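Okay, structure first, notes after.
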Amino acid sequence: NAGVIQTPRHKVTGKGQEATLWCEPISGHSAVFWYRQTIVQGLEFLTYFRNQAPIDDSGMPKERFSAQMPNQSHSTLKIQSTQPQDSAVYLCASSSRDWGANTGQLYFGEGSKLTVL
Amino acid sequence: QQKVQQSPESLTVSEGAMASLNCTFSDGTSNNFRWYRQHSAKGLEVLVSIFSDGEKEEGRFTAHLNRANLHVSLHIREPQPSDSAVYLCAVSISGGSNYKLTFGKGTLLTVTP
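Chains as they are written, first to last, in the numbering used here: chain L, 751 to 867; chain C, 86 to 198.
Structure, rendered in structure tokens:
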């Protein structure tokens, strides 16, 4: 079991450019999450997919952030017109269908560190 | 909105001494509590999950939950230098948003030989 795979591990962009981050969840997992981690705010929920359908995007900044899950084997987080305050580690996590019922575990990838100059 | 606070911010213990970390939460309907560990530039590793008052042991890691006091703690028995990492408390509430974890900002644990 390869775990949750995130690419790229590091990305540097200039202000105003677009950044796309990729996540491959653990095979067979139906729940996929994106979290953002900064020193100041800690870990913050961004968005949640279940069986590829978007369930909750309440943590996503509305204007420039978007997430998709076109198939069960990958999800993308896209940030348009990146700003320095978008610099963070973006973590993807996946879980089996039991997540949320006091069972199951949430498995995190190693994250994609985004630096916006 | 759920608030999760961890203390202390940093903790140094000697190898073999017990390490105790604290976490308080604000929403009394919370029913799902997890402790994660994060080594530098790595993902999160789940250590122990607890869902009812009392204690839950997983190897050298023991979680204690007291929901009336809005408090959950993690105790690490016989810590090793390899246990040096950031420890994160994560909480979710019951009901429709039970999938969403709210994290504390972590305790940086350093274990000295």
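Just so it is clear, CB atoms sit at the ideal spot from N, CA and C, and this is done for glycine as well. For clarity, every value in this text was computed on a predicted model and none was experimentally measured.
- The Cβ atoms of Leu106(C) and Leu159(C) lie closer than 8 Å to each other.
- Residue-level contact by beta carbon holds for Leu186(C) and chain L, with a gap shorter than 8 Å.
- With respect to Val762(L), Thr826(L) sits apart: the two C-beta atoms are not nearer than 8 Å.
- Within the same chain, Cβ atoms closer than 7 Å to the Cβ of Gly189(C) are found at Val89, Gln90, Gln91, Cys108, Leu173, Cys174, the five residues on either side in sequence being excluded.
- One finds Gly792, Leu793 in chain L with Cβ atoms closer than 9 Å to the Cβ of Leu173(C), taken in chain order.
- For Pro198(C), the closest C-alpha among the options Tyr121(C), Ser137(C), Lys141(C), Ser99(C) is that of Ser99(C).
- Looking at Ala838(L), Tyr857(L), Gly859(L), the one whose alpha-carbon comes closest to that of Ala769(L) is Ala838(L).
- Annotated three-state conformation of Pro820(L) is strand, per DSSP.
- A Cβ-Cβ contact shorter than 8 Å links Ser845(L) with Gly854(L).
- For Glu143(C), the pairing in a beta bridge is given by DSSP as Phe146(C).
- Between the C-alpha atoms of Cys773(L) and Ile135(C) there is a straight-line separation of about 28 Å.
- With a threshold of 16 other beta carbon atoms within 10 Å, Leu867(L) falls short and is exposed.
- For Gln756(L), DSSP records a beta bridge to Cys773(L).
- In this structure, Phe118(C) sits near Leu150(C), with a CB-CB distance shorter than 8 Å.
- With contacts defined as CB atoms closer than 8 Å, Leu796(L) and Tyr785(L) qualify as a contacting pair.
- Short of 7 Å from the beta carbon of Lys185(C), and not among the five residues preceding or following it, lie these beta carbons of its own chain, in chain order: Ser177.
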